[in-house]
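Written out below as structure tokens is the structure these notes cover.
Residue numbers (my numbering), protein chains in the order written: chain G, 44 to 400; chain S, 51 to 310.
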């Protein structure tokens with residue numbers, strides 16, 4: 044039976060990484076993710092790995108690039124302002140098709156912002172954040188257990204697609220302490236016939252993103268596009284009490300988690316509400332959102348920002364249902380009751396108007 | 051019918067580590083010579099198949115087009131960080147970066163200073179031609195006082211832009227840097243010294259003695275707006291005057307001497 048431990052969300056990420064065979068970690072301190080580098084500094088040497096504290100977030104993402112270029116499983120972590128600094132490296136990782144796992148235990152912004160939980164980095168995470176026409180896979184956990192499980196998955200997806208994968212959590216998910224089942228990692232990481240190991244007995248290998256010859260870059264960008272299209276099959280989401288719902292709430296991460304209690308509160312009051320929680324933010328579960336829109340006729344998006352994922356939901360809903368929005372800028376974590384009040388406002392406004400068409 | 055040729059001994063050839071392709075470098079540029087010196091050492095130490103090269107941004111980016119070995123391309127200025135990652139993951143491989151002054155001495159100063167200070171067991175080939183070459187001849191941190199570039203049309207003004215930066219001197223103050231030398235390839239005498247310095251730098255990494263760094267003063271006839279010969283002369287006369295040649299640090303030699 045898998046061991047259960049009581050740990051902080053940040054530690055769960057680090058434990059998942061080591062379990063999945065991550066042996067190299069490069070990072071730079073920033074609140075609220077410091078337990079990740081701290082855990083790695085204590086435990087990577089025990090498994091023959093290397094923890095290195097870099098001089099900056101820019102250096103750490105480039106150290107990741109170098110180590111991952113040799114075929115190793117590598118991770119870096121940071122929080123919002125630090126993730127901004129890593130964007131150059133993420134663009135190069137995508138361009139050079141080098142896998143890696145990047146954790147953003149996001150805080151609030153813009154600028155130095157604060158260390159409150161926030162979902163203000165949704166756009167940055169799902170739109171790439173750096174320069175060029177690229178995508179990164181984005182996983183959004185909502186519990187310490189998911190921090191552990193999705194970090195393991197992140198390494199598999201990174202290797203599968205030769206692409207960086209981002210874990211988008213927030214200060215709540217990094218700091219929360221709860222039981223985590225340490226499911227053993229049983230997969231065999233794939234062989235990497237592109238890794239730079241010295242060209243002994245074979246031809247030269249090059250990992251690069253510069254393409255200057257006629258038509259070369261066009262071809263490379265189409266190749267990348269095909270890959271991003273193929274990622275669509277990695278869509279993951281959770282439905283909670285949504286089967287008979289006349290109003291479906293859409294939220295990710297910490298808000299998605301809080302809303303489960305909200306749904307229970309409202310159900311007790313006879314409100315037929317349910318929840319759709321995207322687990323992959325890229326690829327976005329657009330088909331599931333559209334189906335929910337068609338089936339239930341009314342959607343409401345709740346986020347810890349002033350409106351980011353709501354754009355993807357509206358796009359996916361494709362005018363099949365009105366989409367309401369409740370957003371909250373950083374400062375405090377909403378309680379299930381507070382959110383129930385906001386949802387109830389929409390419910391009362393539209394009571395009886397929802398339901399299957 | 052041709053007469054039988056007398057058997058000749060071959061005394062000069064292209065290093066195996068270099069590909070048989072024409073350079074894209076401008077006539078009179080020193081990159082080609084420096085590439086060859088690096089290739090010779092890779093051959094001499096038998097490292098071609100055990101090496102991961104790190105290319106930087108600038109004229110040096112096409113490293114992989116000339117060297118027949120595994121190469122990863124680094125973002126601008128980050129080569130020392132990328133090399134750190136490669137070497138930490140594969141300490142059994144020979145890892146070198148090849149960077150210009152626009153790359154290493156400007157945007158990449160943080161990365162080179164900290165890689166040197168950590169004593170990363172990598173070798174850095176630093177090519178200083180006192181100008182941003184590939185982007186068309188703008189001022190670099192190493193541009194000499196009064197030097198005309200496309201962004202210093204009246205000559206580099208120290209009041210405005212500060213004085214040129216001396217990287218070898220700066221790095222040699224760091225406890226973590228083990229071998230630091232500045233060389234030139236403008237004449238045979240200097241070329242021999244450059245070869246010896248590069249060999250020493252390779253020895254440092256192969257023997258695990260620590261971080262090694264060789265700065266090459268290089269010409270850039272195109273962006274200096276000079277004929278190749280005049281540009282070559284400027285390296286010895288003007289550049290070497292401000293950037294003195296020599297071995298700035300050789301901790302192994304210092305230790306050996308102290309032990310005797």
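In this text, a Cβ means the ideal position worked out from N, Cα and C, and glycines have one as well.
Neighbour flag for residue i against chain C, beta carbons, 8 Å
i: residue 295 of chain G; result: Given the protein chain composition of this structure (G and S), no chain C is represented.
Separation of residue j from residue i, as counted between CA atoms
i: residue 98 of chain S; j: residue 130 of chain S; result: 20 Å
i: residue 352 of chain G; j: residue 341 of chain G; result: 16 Å
i: residue 23 of chain G; j: residue 187 of chain G; result: One cannot answer for residue 23 of chain G here, as it falls past the ends of chain G, which runs 44 to 400.
i: residue 368 of chain G; j: residue 226 of chain S; result: 55 Å
i: residue 60 of chain S; j: residue 197 of chain G; result: 55 Å
i: residue 303 of chain S; j: residue 294 of chain S; result: 20 Å
i: residue 85 of chain S; j: residue 299 of chain S; result: 23 Å
i: residue 189 of chain G; j: residue 58 of chain G; result: 12 Å
i: residue 68 of chain S; j: residue 92 of chain S; result: 9 Å
i: residue 306 of chain G; j: residue 290 of chain G; result: 10 Å
i: residue 178 of chain S; j: residue 58 of chain S; result: 39 Å
i: residue 54 of chain G; j: residue 235 of chain G; result: 29 Å
i: residue 310 of chain S; j: residue 301 of chain S; result: 14 Å
i: residue 194 of chain G; j: residue 278 of chain G; result: 16 Å
i: residue 283 of chain G; j: residue 137 of chain S; result: 47 Å
i: residue 271 of chain S; j: residue 181 of chain S; result: 11 Å
i: residue 250 of chain G; j: residue 104 of chain G; result: 16 Å
Beta carbon of residue i nearer than 8 Å to that of residue j
i: residue 90 of chain S; j: residue 125 of chain S; result: no
i: residue 78 of chain S; j: residue 290 of chain S; result: no
i: residue 219 of chain G; j: residue 46 of chain G; result: no
i: residue 425 of chain G; j: residue 373 of chain G; result: The displayed coordinates of chain G run from 44 to 400. Any statement about residue 425 of chain G would go beyond what the structure contains.
i: residue 120 of chain S; j: residue 103 of chain S; result: yes
i: residue 252 of chain S; j: residue 117 of chain S; result: no
i: residue 125 of chain G; j: residue 98 of chain G; result: no
i: residue 194 of chain S; j: residue 176 of chain S; result: no
i: residue 134 of chain G; j: residue 109 of chain G; result: no
i: residue 183 of chain S; j: residue 273 of chain S; result: yes
i: residue 182 of chain G; j: residue 145 of chain G; result: no
i: residue 142 of chain G; j: residue 205 of chain G; result: yes
i: residue 319 of chain G; j: residue 335 of chain G; result: yes
i: residue 375 of chain G; j: residue 299 of chain G; result: no
i: residue 71 of chain G; j: residue 83 of chain G; result: no
i: residue 206 of chain S; j: residue 218 of chain S; result: no
Per-residue burial, residue i [other beta carbons within 10 Å of its own, 16 or more giving buried]
i: residue 213 of chain G; result: buried
i: residue 81 of chain S; result: buried
i: residue 399 of chain G; result: The pLDDT assigned to residue 399 of chain G is 41, lower than 50, so where the model puts this residue is not dependable; a value taken from the coordinates is nonetheless given after this. Classification for residue 399 of chain G: exposed.
i: residue 161 of chain G; result: buried
i: residue 265 of chain G; result: exposed
i: residue 128 of chain S; result: buried
i: residue 144 of chain S; result: buried
i: residue 273 of chain G; result: exposed
i: residue 388 of chain G; result: exposed
i: residue 137 of chain G; result: buried
i: residue 362 of chain G; result: exposed
i: residue 306 of chain S; result: exposed
i: residue 151 of chain G; result: buried
i: residue 255 of chain S; result: buried
i: residue 213 of chain S; result: exposed
i: residue 346 of chain G; result: buried
i: residue 238 of chain S; result: exposed
i: residue 112 of chain S; result: buried
Give, in chain order, every unbroken run of the alpha helix (DSSP H) that is at least 4 residues long and sits entirely within the stretch 141 to 176 of chain S. Under the rule that a run must span 4 or more residues, the alpha helix (DSSP H) segments found entirely inside the stretch 141 to 176 of chain S read 159 to 168.
Report the start-end ranges of each beta strand (DSSP E) in the stretch 172 to 208 of chain S that is 3 residues or longer and not cut off at the edges. Considered as a whole, the stretch 172 to 208 of chain S harbours 173 to 178 as its complete beta strand (DSSP E) runs of no fewer than 3 residues, in chain order.
Selection of the stretch 77 to 104 of chain S by Cβ proximity to chain G, strictly under 8 Å: Under the 8 Å Cβ criterion, the stretch 77 to 104 of chain S contributes 98, 99, 100, 101, 102, 104.
Under 8 Å, CB to CB, which of the residues in the stretch 208 to 241 of chain S have a partner in chain G? Taking 8 Å as the Cβ-Cβ cut-off against chain G, none of the residues of the stretch 208 to 241 of chain S qualify.
Near-chain S residues of the stretch 74 to 100 of chain G - C-beta to any C-beta below 9 Å: Here the close residues are 93, 95, 97, 98, 99.
In chain order, what are the residue ranges of uninterrupted beta strand (DSSP E) at least 3 long that sit wholly in the stretch 133 to 180 of chain G? Counting only runs of 3 or more, we get 143 to 149.
Closer than 7 Å, Cβ to any Cβ of chain S: which residues of the stretch 108 to 119 of chain G, in chain order? Here the close residues are 108, 109, 110, 112, 113, 115.
Looking at chain S, which residues of the stretch 238 to 255 of chain G have a Cβ within less than 8 Å of any of its Cβ atoms? Contacts with chain S (Cβ-Cβ distance below 8 Å) from the stretch 238 to 255 of chain G involve 239, 240, 241, 242, 243, 244, 247, 248, 249, 250, 251, 252, 253, listed in chain order.
Taking only runs that begin and end inside the stretch 246 to 319 of chain G, name each unbroken beta strand (DSSP E) of 3 or more residues, in chain order. Listed in chain order, the complete beta strand (DSSP E) runs (minimum 3 residues) inside the stretch 246 to 319 of chain G are 280 to 283, 290 to 293.
Taking beta-carbon pairs under 7 Å, can you tell me which members of the stretch 124 to 142 of chain G lie near chain S? Residues passing the 7 Å Cβ filter: 131, 132, 135, 139.
Ignoring anything shorter than 3 residues, give me the beta strand (DSSP E) runs that lie fully in the stretch 218 to 255 of chain S, in order along the chain. Those beta strand (DSSP E) runs which fall completely within the stretch 218 to 255 of chain S and span 3+ residues are 227 to 234.
Can you pull out the residues from the stretch 160 to 173 of chain S whose beta carbon lies closer than 7 Å to at least one beta carbon of chain G? From the stretch 160 to 173 of chain S, only 160, 161, 164 have a Cβ closer than 7 Å to chain G.
Secondary structure, alpha helix (DSSP H): runs of 4+ residues fully inside the stretch 370 to 395 of chain G: Within the stretch 370 to 395 of chain G, the complete alpha helix (DSSP H) runs of at least 4 residues are 379 to 393.
Scan the stretch 117 to 133 of chain S for residues whose Cβ lies nearer than 9 Å to a Cβ of chain G and list them as they occur along the chain. So the close ones are 117, 118, 119, 120, 121, 122, 123, 124, 125, 126, 127, 128, 129, 130, 131, 132, 133.
Going along the stretch 181 to 193 of chain S in order, which residues come within less than 9 Å of chain G, judged by CB to CB distance? Going along the stretch 181 to 193 of chain S in chain order, one finds no residue with a Cβ nearer than 9 Å to chain G.
Sequence ranges, alpha helix (DSSP H) only - wholly within the stretch 78 to 111 of chain G, length at least 4: Uninterrupted alpha helix (DSSP H) stretches at least 4 residues long and entirely within the stretch 78 to 111 of chain G occur at 78 to 86, given in chain order.
Any chance you could list the alpha helix (DSSP H) runs of at least 4 consecutive residues sitting entirely within the stretch 333 to 377 of chain G, in chain order? Counting only runs of 4 or more, we get 352 to 360.
Tell me which residues of the stretch 284 to 307 of chain S have at least one Cβ-Cβ distance to chain G shorter than 7 Å, keeping chain order. Residues passing the 7 Å Cβ filter: none.
Mind checking the stretch 167 to 189 of chain G against chain S and listing, in chain order, the residues whose C-beta falls within less than 7 Å of any C-beta there? Cβ contacts with chain S come from no residue of the stretch 167 to 189 of chain G.
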